[in-house]
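Student:
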Amino acid sequence: MNQHQKPTEESRTEVMEFVLLGFSDVSHLHWFLFGLFLAIYIIILLGNGTILLITKVEPTLHTPMYYFLGNFSFLEICYVSFTLPRMLVNLGTQRRSISLVACATQMCFVLVLGAPECFLLAVMSYDHYVDICNTLNYSLLMNHKVCTQLVTGSWISGIPVQIGQTFQIFSLSFCASNQINHFFCDISPILNLACGEIFVNKMMVYIVAVLFVLVPFLLILISYSKIISTVLKLSSTTSRAKVFSTCSSHLAVVGLFFGPGIITYLRPKSSHSPDTEKVLSLFYTIVTPMLNPMIYSLRNKDVIMALENYYINNSFE
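First residue of the sequence shown? That's 1 in my numbering, and the numbers climb one at a time after it.
(1) Nearest-angstrom Cα distance between Leu120 and His144?
(2) For Leu214 versus Asn201, is the C-beta spacing smaller than 8 Å?
(3) Out of curiosity, what's the CA-to-CA distance linking Val57 and Ser73?
(4) Which word fits His182, buried or exposed, when buried means at least 16 other C-beta atoms lie within 10 angstroms of its C-beta?
(5) Could you name the residues of the same chain whose beta carbon sits closer than 8 Å to that of Gln106, not counting the 5 residues immediately before and after it, in chain order?
(6) If I'm right that Phe212 touches Val123 with Cβ under 8 Å, what's the distance once you round it to whole angstroms?
(7) Counting pairs of beta carbons, one from the segment 52-66 and one from the segment 123-134, are three or more of them closer than 8 Å?
(8) Considering only their Cβ atoms, is the gap separating Pro293 from Thr50 smaller than 8 Å?
(9) Please list, in chain order, all residues of the same chain as Asn314 whose beta carbon is under 6 Å from its beta carbon, the five residues on each side excluded.
(10) Give, in chain order, every unbroken run of the beta strand (DSSP E) that is at least 3 residues long and sits entirely within the segment 52-122.
(11) Using 8 Å for Cβ pairs, my map puts Leu53 next to Leu88. What's the rounded Cβ distance?
(12) Please name the residue, chosen from Val151, Tyr138, Phe18 and Met142, that lies closest to Ala104 on a Cα-to-Cα basis.
(13) Quick test of your reading: Ser249 and Asn309, contact by CB under 8 Å. State the CB separation rounded to the nearest angstrom.
(14) Quick check on DSSP: helix, strand or coil for Ile180?
(15) Which residue wins for smallest C-alpha separation from Ile198, given the options Cys78, Gln168 and Ile286?
(16) Take Ser320 and list the residues in its own chain whose beta-carbon comes closer than 7 Å to its own, dropping the five residues that flank it on each side.
(17) What is the rounded straight-line gap between the Cα of Ser125 and the Cα of Leu100?
(18) Could you check the C-alpha separation between Glu9 and Cys195 for me, to the nearest Å?
(19) Taking DSSP as the reference, what is the three-state secondary structure of Val15?
(20) Using a Cβ-Cβ cutoff of less than 7 Å, which residues in the same chain neighbour Gln94 once the five nearest sequence positions on both sides are dropped?
(21) Note the first and the last residue of the continuous alpha helix (DSSP H) segment covering Tyr284.
(22) Where Thr36 and Ile43 are concerned, what is the direct C-alpha to C-alpha distance, given to the nearest angstrom?
(23) Could you please give the first and the last residue of the uninterrupted alpha helix (DSSP H) stretch that includes His28?
(24) Which residues in the same chain have their Cβ closer than 6 Å to the Cβ of Gly92, if we skip the five residues on either side of it in sequence?
(25) What is the residue span of the alpha helix (DSSP H) that Ser139 lies within?
(26) Could you check the C-alpha separation between Leu172 and Gln149 for me, to the nearest Å?
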């Protein structure tokens, strides 16, 4: 029977909990995966925590760019904390069940925190655009009030929409199967278990994905097209190299986050496979938060100098 056809009363059961299959197909490696993901989680907490701390305490980093970066690092910590700890528990105990309420809560927070990630990356690209293409008016256009409004808007913009989308999805009836072929409660594997007609739900997923993923990505592309156009007009090779070096870190994070996200949520579902979705999800839920502080610190002299000053000052106290 087609999974979206309405099942008979005998075959329908009221699902009160789900089973996150995760990496059950390689269950013999569960302790290796547990150690690997635990190490990654610690790296994410330490790396992003360091970026957050250094942008708060070092006066040299009290600029719009690092204000946005500090918020992004804090967001990464929150975002990954709603997926990795649960995955670690499942790997360590081999108990993969999750209640319907816990599953809905996890999905809601992942979606609510995923939206500001997209918008903050767009805001950071706009900051680069103003700094490079409108240098004389930078302090006026990116004053403290504007920066606060941009960050606040990024944080709260997705809350009502994503809460509504979560409620809509978990208001559906689910068929007899309660096995989620994923390592967290994501939209697509949950919809695969739904009974009845879900065309409206699928359309809502696409619309929300366009608004919260594709639109910020297009804004980033527009910003960088203008940046590249401006940079190419610079006569100094050194100046061009400096600008490209500054922007390359942000572009690397954009590619790691948006690439897998766009493929996951906006490509035709007929071309999806559960294993492919799990691999793609690892990039924007785990790999990007882990690499974010490395990309920004290892390629950024200001951050390295601020870290050195911070540790030197604190070592003499």
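Ideal Cβ positions, reconstructed from N, Cα and C, are used throughout, including at glycine.
Tutor: Straight from the coordinates:
(1) 16 Å
(2) no
(3) 15 Å
(4) buried
(5) Phe82, Thr83, Arg86, Ile98, Phe184 and Cys185
(6) About 14 Å separates the two Cβ atoms, so there is no contact after all.
(7) yes
(8) yes
(9) none
(10) 97-99
(11) Not really, about 24 Å apart at Cβ, beyond 8 Å.
(12) Phe18
(13) With a Cβ gap of about 20 Å, Ser249 and Asn309 do not count as contacting.
(14) strand
(15) Gln168
(16) Beyond the ends of the chain as shown, which are 1 and 317, falls residue 320; an answer cannot be given.
(17) 38 Å
(18) In this prediction, Glu9 scores a pLDDT of 43, lower than 50, which makes its location untrustworthy; the coordinate-derived value is nonetheless stated afterwards. Taking the straight line joining both Cα atoms gives about 12 Å.
(19) coil
(20) His30
(21) Premise fails: Tyr284 is in no alpha helix (DSSP H) and is neither H nor E.
(22) Correcting the residue type first, residue 36 is Leu in the shown sequence and not Thr. The straight-line gap from Cα to Cα measures roughly 11 Å.
(23) Premise fails: His28 is in no alpha helix (DSSP H) and is neither H nor E.
(24) Phe34
(25) Tyr138 to Leu141
(26) 36 Å
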